[in-house]
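**Q** Take any residue in the sequence shown, note its place counting from 1, add 1, and you have its number in my numbering. Heads up, the beta-carbon is just placed ideally off N, CA and C, and yes, glycines get one too.
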Amino acid sequence: MLVVGSGAREHALCWRLAQSPQVSEVLAAPGNPGMEAVARRLAVTASDGSALAQAAVRERVDLVVIGPEAPLVQGVADRLRQAGLPVLGPSAAAARIEGSKAWAMDLCHRHGIPAPTARRAAHADEALALVEASPLPVVLKADGLMAGKGVVVALTREEARAAAERLGARGPVVLEEFLEGPEVSAFALCDGRRALPLGLARDHKRLLEGDRGPMTGGMGAYTPLADVEAGQRAQILRLLDDAVRAMAAEGCPFVGFLFAGLMLTPSGPRVLEFNCRLGDPEAQVLLPLLDGDPAPLWLRAAHGDLGAADQVRLLPGAALGVVLATPGYPDAPRAGQAIWGLGEDGQPDGGGALCFHGGSVRDGGWRTVGGRTLTLVGTGPDLGAARAAAYGAVERVGFAQAQWRRDIAGGWSRA
Ligand code: AMP
Ligand code: GLY
Numbered sequence: 002m003l004v005v006g007s008g009a010r011e012h013a014l015c016w017r018l019a020q021s022p023q024v025s026e027v028l029a030a031p032g033n034p035g036m037e038a039v040a041r042r043l044a045v046t047a048s049d050g051s052a053l054a055q056a057a058v059r060e061r062v063d064l065v066v067i068g069p070e071a072p073l074v075q076g077v078a079d080r081l082r083q084a085g086l087p088v089l090g091p092s093a094a095a096a097r098i099e100g101s102k103a104w105a106m107d108l109c110h111r112h113g114i115p116a117p118t119a120r121r122a123a124h125a126d127e128a129l130a131l132v133e134a135s136p137l138p139v140v141l142k143a144d145g146l147m148a149g150k151g152v153v154v155a156l157t158r159e160e161a162r163a164a165a166e167r168l169g170a171r172g173p174v175v176l177e178e179f180l181e182g183p184e185v186s187a188f189a190l191c192d193g194r195r196a197l198p199l200g201l202a203r204d205h206k207r208l209l210e211g212d213r214g215p216m217t218g219g220m221g222a223y224t225p226l227a228d229v230e231a232g233q234r235a236q237i238l239r240l241l242d243d244a245v246r247a248m249a250a251e252g253c254p255f256v257g258f259l260f261a262g263l264m265l266t267p268s269g270p271r272v273l274e275f276n277c278r279l280g281d282p283e284a285q286v287l288l289p290l291l292d293g294d295p296a297p298l299w300l301r302a303a304h305g306d307l308g309a310a311d312q313v314r315l316l317p318g319a320a321l322g323v324v325l326a327t328p329g330y331p332d333a334p335r336a337g338q339a340i341w342g343l344g345e346d347g348q349p350d351g352g353g354a355l356c357f358h359g360g361s362v363r364d365g366g367w368r369t370v371g372g373r374t375l376t377l378v379g380t381g382p383d384l385g386a387a388r389a390a391a392y393g394a395v396e397r398v399g400f401a402q403a404q405w406r407r408d409i410a411g412g413w414s415r416a
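1) Taking only three categories from DSSP, how would you classify Leu375?
2) When you compare each of Arg278, Ser51, Glu181 and Val323 to Ser268 by their alpha carbons, which one comes out closest?
3) Can you give me the C-alpha to C-alpha distance between Pro295 and Ala401, rounded to a whole angstrom?
4) Do Gly211 and the ligand AMP come close, with the Cβ less than 7 Å from some heavy atom?
5) Specify the secondary structure class of Gly100 as computed by DSSP and reduced to three states.
6) With hydrogens ignored, establish whether the beta-carbon of Glu283 is closer than 7 Å to any heavy atom of the ligand AMP.
7) In whole angstroms, what is the alpha-carbon distance linking Arg167 and Val153?
8) Using the three-state DSSP reduction, which class does Gln233 fall into: helix, strand or coil?
9) What is the rounded straight-line gap between the Cα of Arg415 and the Cα of Glu127?
10) Among His205, Pro282 and Glu345, which has the Cα closest to the Cα of Gly411?
11) Using DSSP with H/G/I as helix, E/B as strand and the rest coil, what is Ser186?
12) Where does Gly221 land, buried or exposed, given buried means 16+ other C-beta within 10 angstroms?
13) Within the chosen definition, does the region 241 to 254 reach the region 73 to 90 through at least 3 CB pairs nearer than 8 Å?
14) Any heavy atom of the ligand GLY closer than 7 Å to the Cβ of Gly280?
15) So which of Pro115, Glu160, Val132 and Arg203 has the shortest CA-CA distance to Thr266?
16) Is the beta carbon of Leu240 within less than 7 Å of some heavy atom of the ligand AMP?
17) Going by DSSP, what residues sit across from Met248 in a beta bridge?
18) On the CB-based measure, 16 or more other CB atoms within 10 Å of its CB, does Leu73 come out buried or exposed?
19) Pick from Glu177, Phe357, Gly337 and Ala336: whose alpha carbon is nearest that of Asp346?
20) Ordered along the chain, which non-local residues of its own chain (more than five positions away) have a Cβ less than 6 Å from that of Pro282?
21) For a test of the three-state rule: what should DSSP assign to Ser51, helix, strand or coil?
22) Can you tell me which of the three DSSP states Val24 falls into?
23) Could you tell me the alpha carbon to alpha carbon distance between Gln233 and Gly200, rounded to whole angstroms?
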């Protein structure tokens, strides 16, 4: 099996597949040094569809799993399918659900999938005009991929104008109705026709404790979510299934992991965004709880062949992940800090937690390459135990001036 990508999410994918009795070898392209204990790396970049196809054919790969959104939006899955390879990951046409916020919102509105009201501005001037007519707060989003950094929740008209100018200078902008409520990341395994629910997780997107500071790719995550009731779960499942059916009906069936970022409003869950892949760091907490062998199920999904009896099951218990980012992240991450507390295999000395590498190198010891470097994941019978395991690892694994949050899943205090 070949995993495309090089982050901590892809490390978690490799780690999980490597445990499958049916998988003889896991390959990663290009992967990172922290995953070498579970995957053999191929020197091919994630965006080079032709080189990936050649390598996958040469290695007689049975399934390609594409981790990040950028290659999906660029059509790497299409290129691999043209070479006859089974791929878990959407076509470029289906990846528009993440690649264009405007397209995704239109899809929701066309098919009655609950979402905020939204309007698209082609450029800054149009966005400025829409800002003047919008109730406050208003949400402005860059239409294309921005690695989680293209969203502004503007509380004042001034902030909204500034955001319209900044985002509008780069391209189209979507202005959305402001929604309030708890947020949930919902995932489904999709074969183009159906969505099998995979689980719910919660991500902490802001850099600083108390949900302050700049937006990041995600500073931590946990699962399960005790605050989501059975009725809301049923609504979320219907929403995911409706989205997959809508895409099939529009001629761009979605194969892969569908990720809905939802707001649980008083009138039910509504879509803030769709992503065309697993979340990072959500994958790092969901994959350790997957029950059974995912390989045959993922293969059936890639072949468009999920059966009525197929189901994704999670183990009872909980998982919690804390991200360690380098100083300066997200604006100007600095690199090169020596990482302490990891063994030869890149895992915490003495065990007790999992370490998924997002940006590390080895030269003598482990070193950071800048940005979200490690996700330390604790698992246990409940969230308290998972939290103790994860923060226990944070006490032992780290690097100078590491940035991490103490309040993942409600927090932790040193005893
Ligand atoms: P997105 O990348 O679209 O999920 O947006 C990033 C974050 O911005 C979300 O996690 C929310 O906290 C916030 N956000 C996005 N859209 C809205 C909205 N319509 N109303 C309120 N907050 C939003
Ligand atoms: N953690 C949110 C994302 O992967 O987009």
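**A** Taking the definition as stated:
1) In the three-state reduction of the DSSP assignment, Leu375 falls in the strand class.
2) Glu181
3) Each residue's alpha carbon lies about 37 Å from the other.
4) no
5) helix
6) no
7) Cα atoms of Arg167 and Val153: separation of roughly 10 Å, rounded to the nearest angstrom.
8) helix
9) Only weak support exists for where Arg415 lies, its pLDDT of 44 falling under 50; the coordinates are left without a value.
10) Closest by C-alpha distance to Gly411, out of His205, Pro282 and Glu345, is His205.
11) If DSSP states are grouped into helix, strand and coil, Ser186 belongs with the strands.
12) The residue in question, Gly221, is buried, as its Cβ has 16 or more Cβ neighbours within 10 Å.
13) no
14) At least one heavy atom of the ligand GLY sits closer than 7 Å to the Cβ of Gly280.
15) Pro115
16) no
17) Its beta-bridge partners do not exist; DSSP assigns none.
18) buried
19) Ranking the options by Cα distance to Asp346, first place goes to Phe357.
20) Cβ neighbours of Pro282 beyond the five flanking positions: Gly219, Ala222, Gly322, Val324 and Thr376.
21) It is helical.
22) In the three-state scheme derived from DSSP, where H, G and I count as helix and E and B as strand, Val24 is classed as coil.
23) Between the alpha carbons of Gln233 and Gly200 lies a distance of about 13 Å.
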